[in-house]
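Position 432 of the sequence shown, counting from 1, maps to 425 under the working numbering, and the rest follow consecutively. Take a look at the structure below.
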Amino acid sequence: MFKSVNQLDDPLRLLDNPLTCPGLFYATPAIDGVISRIRIPGGILTSQQVRIVADYATNFGGSDKNVYVTNRANLQVRGIRGTETALITLRSVGLAGIPEIDHIRNIMASPTAGIDKHELIDTRYLVRELDEYICSHKELGGLSAKFSVAFDGGGKVSVCQQPNEITFAAIKKNTSIYFHLLIGGEATNILLEPEKCIFVVAALAQVYLNEVDITEKRKPRLKKLFQEKGLSKTLEQAQKYLPFSLNVSNKTFPLNKNTNYHLGAHSQRQKGYSYIGVVLPLGKLNTNQLYNLASLVDSYGSSVLRFTPWQNIIIPDIKNEFIPEVQEHIENLGLHWSANHIYSGLVACTGNKGCASSATDTKGDALALAEYLQQHITLDIPVKIHFTGCSKSCAYHGQTDITLLGAQKSEDNTITEGYQVFVGSKEVYSFVNRTILPKVILRLLQGYETQHCLNAGGIG
Ligand code: SF4
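Here it is, written out as structure tokens:
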């Protein structure tokens, strides 16, 4: 499945035209050092690959040796040095692709593909096929670094709401399974047989490449370009590159929106087996946890670890009788598996440690909030809290219970960092100083516990 070093005709090297999104071959500087992003098509790694990633962070990471799961189920390591040597290590286990196209190996699938009892189709083979297609077509390197494709198998853990440029969402019609094509989140009402999906990605990519200057560092998003062009014109142009017709139905198709089933223990479609979704604090894993998780999946699972776009992990293929034992091991690693844990719904964007657009240290403030809440409240339902340093909301695009939008206030030549607080889509505070934020959020949650309404926290 993986390409070995000598199958590749390009030497290990960094590109000298860095993109704005970090990748392995695009050393993106941030305040705390160079960020390296390891793309994992479908978010699935073997235990051997997990150990190599831990070695990579240990040997080449900066002062922060942690590995972060991103909202694309990729991995990020900060402060990387000696990148070319590091790439040899990663490439030995298939984790460093080809420089020209590495930035677009951004393929998402449900992290429970193949084990979800309710899914309509196991999408893992489509992820592999698309990755192989991308790896063998260097001309796709002209695509925007934001180019992204998702396959949703129609199960209980949906990725339909993730912000992908092209989404294939499985649906059942009569007795057959099709994929509904969405472009930039917009329904096309086109149903495709599974074997046609890669053709459609190739055709849409071609339409995009026909219109952009591929030498430009900042290229437009495919979604934006196609919105400007209009859906029918886009489809008409894509049709020229396809050996079959794109038939637009006059019916609409419901979107699979379920994402709540990935944390905790759940039985799999394979009888007698379960998976456990593990909550990570803001997607962070230290290398000790990574090495131990690799050993855990070797001992109790199928030597595979899955990463989710909600910045958590899934351990699949555990025999049901071993679930309590594995849960104990997870807790011994300082991690959690309950969907009600405060970290289960806490998401933060990179923040001002790694992004110039951020008004605040979102990750630092989110950690401070989590620590405070853990000491003062036990949740009986999952609560989604989203910290974002600016209105772009890179970390999370779905509906959250509480959104905290970073802001700064300037008074007497002093800048104060804080947050605009939203409950659902309603603003309940225009500015809360970051130092009192944990107390304010605690009051909101206590209000919810007593009156089952977040607005009843005595604030709004
Ligand atoms: S949401 Fe804004 S501040 Fe946060 S990472 Fe994205 S661009 Fe930066």
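Note that the Cβ used here is the ideal one computed from N, Cα and C, for glycine as well.
Task: Expected contact under 8 Å - CB spacing of Lys277 and Tyr49 to nearest Å - done: The beta-carbon distance between Lys277 and Tyr49, rounded to whole angstroms, is 16 Å. This is too long to meet the 8 Å contact definition.
Task: Which of helix, strand or coil DSSP assigns to Phe172 - done: Note: Phe172 maps to strand in three-state DSSP.
Task: Where the alpha helix (DSSP H) containing His369 begins and where it ends - done: Element bounds for His369: 355 to 369.
TODO: Rank Ile94, Asp57, Thr181, Leu175 by C-alpha distance to the C-alpha of Tyr126 and give the top, closest one.
DONE: Taking only the C-alpha atoms, the option nearest Tyr126 is Ile94.
Open item on the list: Which residues neighbour the ligand SF4 when neighbourhood means a C-beta less than 6 Å away from any of its non-hydrogen atoms? List them by chain order.
Closed with: A residue is listed when its beta-carbon falls short of 6 Å from at least one non-hydrogen atom of the ligand SF4; in chain order these are Cys342, Thr343, Cys348, Ser350, Ser351, Thr381, Gly382, Cys383, Lys385, Ser386, Cys387.
- [ ] Please state whether DSSP places Lys165 in a helix, a strand or coil.
- [x] Lys165 falls in the strand class under three-state DSSP.
TODO: Would you decide whether Ala56 is buried or exposed? Buried here means 16 or more other CB atoms lie within 10 Å of its CB.
DONE: Note that residue 56 is Ser in the sequence shown, not Ala. Looking at its Cβ environment, which holds fewer than 16 other Cβ atoms inside 10 Å, Ser56 is exposed.
Open item on the list: Bridge partners for Phe415 per DSSP, in chain order?
Closed with: DSSP lists Thr396, Glu420 as partners of Phe415.
Task: Asn426 - partner residues in DSSP beta bridges - done: DSSP output for Asn426 lists Gly411 as bridge partner(s).
Task: Cβ pair count under 8 Å reaching 3, the segment 215 to 230 against the segment 102 to 118 - done: Taking 8 Å as the limit for Cβ pairs, the verdict is that the segment 102 to 118 does not touch the segment 215 to 230.
Open item on the list: What residue range does the beta strand (DSSP E) around Gln69 cover?
Closed with: Here the beta strand (DSSP E) through Gln69 covers 68 to 70.
TODO: Tell me whether Ile269 counts as near the ligand COA, meaning its Cβ is closer than 8 Å to at least one heavy atom of that ligand.
DONE: Among the ligands in the structure shown, the ligand COA does not appear; only the ligand SF4 can be found there.
Task: Whole-angstrom C-beta distance between Met101 and Val152, which should lie under 8 Å - done: About 5 Å separates the two Cβ atoms, so the contact holds.
Task: Boundaries (first-last residue) of the alpha helix (DSSP H) holding Glu204 - done: DSSP places Glu204 inside the alpha helix (DSSP H), whose first and last residues are 190 to 204.
- [ ] Tell me, please, whether the segment 316 to 330 touches the segment 78 to 92 by the rule of three or more beta-carbon pairs shorter than 8 Å.
- [x] No: the two stretches stay apart, fewer than three of their Cβ pairs being nearer than 8 Å.
TODO: Could you please give the first and the last residue of the uninterrupted alpha helix (DSSP H) stretch that includes Thr63?
DONE: Here Thr63 belongs to no alpha helix (DSSP H), and DSSP marks it neither H nor E.
Task: Local Cβ density within 10 Å of His255, reported as buried at 16 or more and exposed below that - done: Buried is the call here.
Open item on the list: For Ile308, report the span of its alpha helix (DSSP H) as first-last.
Closed with: Boundaries for Ile308: no alpha helix (DSSP H) harbours it, while the beta strand (DSSP E) harbouring it runs 306 to 312, taken from the DSSP string.
Task: Where His322 sits in the DSSP three-state scheme - done: Helix, per DSSP.
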